[in-house]
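41 is the number of the first residue of the sequence shown in the numbering used here; add one for each residue after it. Don't be surprised by glycine CBs; every beta carbon is placed ideally from N, CA and C. Since we're looking at a predicted model, the values are computed, not measured.
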Amino acid sequence: MSILQGIWAATVTPLNSDLNVDSSRLVAHIEWLFDQGSHGVVVFGTTGEANSFSVRERRSVIEQLHERGVDMNRIMVGTGCTAVPDTVELSQHAVDAGCAAVLMLPPFYYKTVSEDGLFDFISSSVDQIDRSTTRVILYHFPKMAGIGFSVPLINRLKEAHGERIAGIKDSSGDTDNLTNYCRDIEDFAVFAGSEALLPYALSEGGVGCVSATANVTSRLARAVFDGAKAEAERMIKTRKALEALPFVPTMKHLLAENSSQSDFNLVRPPLRQLTAAQLSRLDEILGSTGVLPNFIDA
């Protein structure tokens, strides 16, 4: 089985009271996610507040994961920045640490760039990563980035770089787009960006999902991936219920409650912890829908 498939949890980034990364707790959370059934873990994706951390901070965290014995072949690192040198530095660092792949956003500040410009950015980044084993998972999240990856652009990148352009995380939520990626690009690992679309993605030839809510649903998502179709409805219901609230602080709140570690709630600006009204709404969701009963093993 290729490592680039299955359930990949986009981990939160635990923080200390000074809002620096709590690497010990991050390692423990990653190992817990593996135990919960995640095939792999994405570090410094959207859920990990990647763009709230400096290049130096992000490098330091990956070094600490490596030093503390995390299986780096089950780690994917978000490396997409708005500057090619930063993208290359983070990607090279992740590859040298033995990570399975890098997750690469398009340059997300300029919203009206051409596909030629996007090709130049990704192509230049890939060309400068000095290792033939590099695997790039493109990150298509137009709602957040404002731009994305079309099928023709991806095929052009694959023609230029071959198997190094290994796949995509499709966080568009658009099933037609997901289908097009699966059907119109050869030898390409397509991950749904939500476990709510996991059954659909698998039916279309996708390989799994990379998801924020897998921080608390990995066990359920893994069961569905392994063939427990009866659990699919509960998994989808859980994801859709949690979409009513901001994902990062919601995931951190649920993990804080489960672990009895209140500082798991901490986020970096500009994010904020859930408000009293949002906490009340979360309680209503959990109570009225019945999702997440004993959702994780403490």
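DSSP places Ile194 inside the alpha helix (DSSP H), whose first and last residues are 191–201.
Inside the segment 145–198, DSSP marks whole beta strand (DSSP E) runs of 3 or more residues at positions 176–180, from first to last along the chain.
The beta carbon of Thr174 sits closer than 6 angstroms to the beta carbons of Val135, Arg204 from its chain, once the five residues preceding and following it are set aside; these are given in chain order.
With contacts defined by Cβ atoms closer than 7 angstroms, Ala185 and Phe161 do not form a contacting pair. For the pair of segments examined, the segment 108–121 was found to touch the segment 77–86: the number of CB pairs separated by less than 8 angstroms reaches three.
For Ile47, the secondary structure class from DSSP, reduced to helix, strand or coil, is strand.
Pairwise C-beta distances place the segment 292–306 in contact with the segment 54–73, as three or more of them are shorter than 8 angstroms. DSSP places Ser234 outside both helix and strand once states are collapsed to three, so it counts as coil. Look at Ile325 here: in three-state DSSP terms it is helix. Under DSSP, Leu55 shares a beta bridge with Val61. When the beta-carbon positions are compared, Glu235 and Ala261 come within less than 7 angstroms of each other. Spatial neighbours of Val128 in its own chain (CB-CB distance under 7 angstroms, excluding positions within 5 residues in sequence) are listed in chain order as Ser165, Gln168, Ile169. Counting of Cβ neighbours within 10 angstroms places Gly46 among the buried residues, the total reaching 16 or more. Counting C-beta atoms within 10 angstroms of its own C-beta, Thr53 has 16 or more neighbours from the protein chains shown and is therefore classed as buried.
Judged by DSSP in its simplified three-state form, Ile225 adopts coil rather than helix or strand.
Between Thr87 and Val288, the gap from beta carbon to beta carbon is short of 7 angstroms. Judged by DSSP secondary structure, Ser251 falls within the beta strand (DSSP E) whose first and last residues are 248–251. Note on geometry: alpha-carbon atoms of Lys183 and Leu285 lie some 16 angstroms from one another. Annotation: Arg274 to Ala268 spans about 11 angstroms, alpha carbon to alpha carbon. Residue range 254–265 is occupied by the alpha helix (DSSP H) that includes Ala261.
Residue pairing by DSSP puts Asp210 in a beta bridge opposite His180, Ala232.
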